[in-house]
Amino acid sequence: MSSDTTLVLGATGNTGRRVAARLRLRGTHVRVASRSSQTPFDWFHPAHWDQVLQGVTTVYVVPPTVPGPVHEFVARAEAADVRRLVLLSGHGADDWGDSAFGLDMRSAEDAVRSSTLEWTVLRAANFAQNFDGHPFHAPLAAGELALPAGAVPEPFIDLEDVADVAAAVLAEPGRHAGRVYELTGPRGLSWAEAVELISRASGLPIAYRQISPAEYTAALVQEGWRENEAHLLAEMFVLLERGVTAWTTDDVVTVLGRAPRTFEDFVLRAAAAGAWRR
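Numbering (UniProt numbering), first residue to last: 1 to 278.
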């Protein structure tokens with residue numbers, strides 16, 4: 001077992017908890033950090049960052065939802081003699097243009113890629129697990145998912161594949177230095193096609209309805225979302241409708257030597273677990 005320590009930020013989140021488990025299984029010494037973990041970490045309270053970074057060689061970075069803080073964090077990491085950063089970002093970020101969506105991820109990429117440290121960026125497509133978790137599980141379980149998305153496909157990526165890639169990259173110093181990996185599933189599906197697969201596998205009548213971005217924003221606010229957060233999620237769909245994230249890659253194969261899981265595989269696992277049972 002290596003004596004090096006890998007810090008996993010967002011350790012109770014979708015990718016962080018999966019990455020931490022994989023690293024432990026590999027024999028890596030892991031320090032998990034989040035607002036609710038034994039090692040507390042909050043992007044908006046930098047006073048504790050130096051303590052969290054003490055003795056760390058590698059960091060898995062899940063950025064905050066606002067631009068800016070990762071720049072200061074990277075400076076602290078450099079001062080603490082951290083050697084490597086692996087950042088989670090979004091698929092096709094180079095092509096997002098002037099979209100209001102993703103400013104947080106693009107800011108984090110700028111911070112990491114301009115650092116003096118060895119870095120790797122993992123740009124993931126929309127997670128398949130968003131359908132059995134936040135934010136799409138509740139409407140699916142209620143029988144209808146209404147989104148501002150039409151026929152443009154999305155190459156949904158399984159979170160298990162994202163975690164497998166992240167763990168492999170974190171465990172292999174040097175091999176992935178300076179690389180940007182675009183992580184997608186093997187093929188694209190429209191959101192309506194995705195819902196149809198969920199309906200068929202679960203045996204439940206679930207419909208898909210296309211609505212406008214303004215209607216979606218209003219619906220989210222009515223559910224209790226903050227207006228700015230609702231607007232940004234709606235802006236993501238506006239961006240997706242441009243087709244800038246519809247393309248697939250072989251980067252999962254490049255890192256893992258195997259094909260990514262299909263969306264159907266996710267649907268079968270979730271349906272068997274009763275994810276959309278009423």
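Just so it is clear, CB atoms sit at the ideal spot from N, CA and C, and this is done for glycine as well. Since we're looking at a predicted model, the values are computed, not measured.
Of all the options the options, which has the alpha carbon lying nearest to the alpha carbon of residue i?
i    : options                   : result
W245 : L189, W276 and D265       : Reading off the sequence shown, one finds Thr at residue 245, where the question assumed Trp. Here the closest residue by C-alpha is L189.
G55  : L256, D81 and P69         : D81
Y181 : L197, V253 and P40        : V253
A108 : V61, S37, W191 and A271   : V61
R277 : H137, R84, R226 and N126  : H137
F131 : I157, L85 and A77         : I157
A177 : G13, L256, W49 and R113   : R113
R258 : A168, D104, G174 and T217 : A168
A270 : A214, Q222 and V195       : V195
A256 : G143, E160 and P67        : Here residue 256 turns out to be Leu, not Ala, going by the sequence shown. It is E160 whose Cα lies nearest to the Cα of L256.
G185 : G143, L25, A11 and R123   : R123
F44  : P67, R31 and T28          : P67
A192 : A201, L204, L183 and Y208 : Y208
Would you decide whether residue i is buried or exposed? Buried here means 16 or more other CB atoms lie within 10 Å of its CB.
i    : result
E229 : exposed
R18  : buried
H91  : buried
A47  : exposed
T58  : buried
P135 : exposed
M1   : Because M1 carries a pLDDT of 47, less than 50, the predicted location of this residue cannot be relied on, and the following value inherits that uncertainty. Flag for M1 reads exposed.
Q51  : exposed
A111 : buried
G102 : buried
In the DSSP assignment, what residue or residues form a beta bridge with residue i?
i           : result
F127        : I157
E72         : Note: E72 sits in no beta bridge, so no partner.
T6          : V30 and T58
residue 301 : Since the first and last residues shown for the chain are 1 and 278, residue 301 lies out of range.
residue 279 : One cannot answer for residue 279 here, as it falls past the ends of the chain, which runs 1 to 278.
R179        : T120
Could you round the C-beta distance between residue i and residue j to whole angstroms and report it? I think they count as a contact, below 8 angstroms.
i    : j    : result
I206 : S199 : 4 angstroms
R149 : L87  : Checking the sequence, you will find Ala at residue 149 rather than Arg. Incorrect: roughly 26 angstroms between the Cβ atoms, too far for contact.
L117 : A77  : 7 angstroms
L147 : Q210 : 7 angstroms
R24  : L7   : Incorrect: roughly 13 angstroms between the Cβ atoms, too far for contact.
R179 : T248 : Contact flag wrong, Cβ pair sits at about 18 angstroms.
M105 : P153 : M105 to P153, Cβ: 21 angstroms. No contact.
Those runs of the beta strand (DSSP E) which lie wholly inside the segment 182 to 266 and span at least 3 residues: Complete beta strand (DSSP E) runs here, min 3: 207 to 210.
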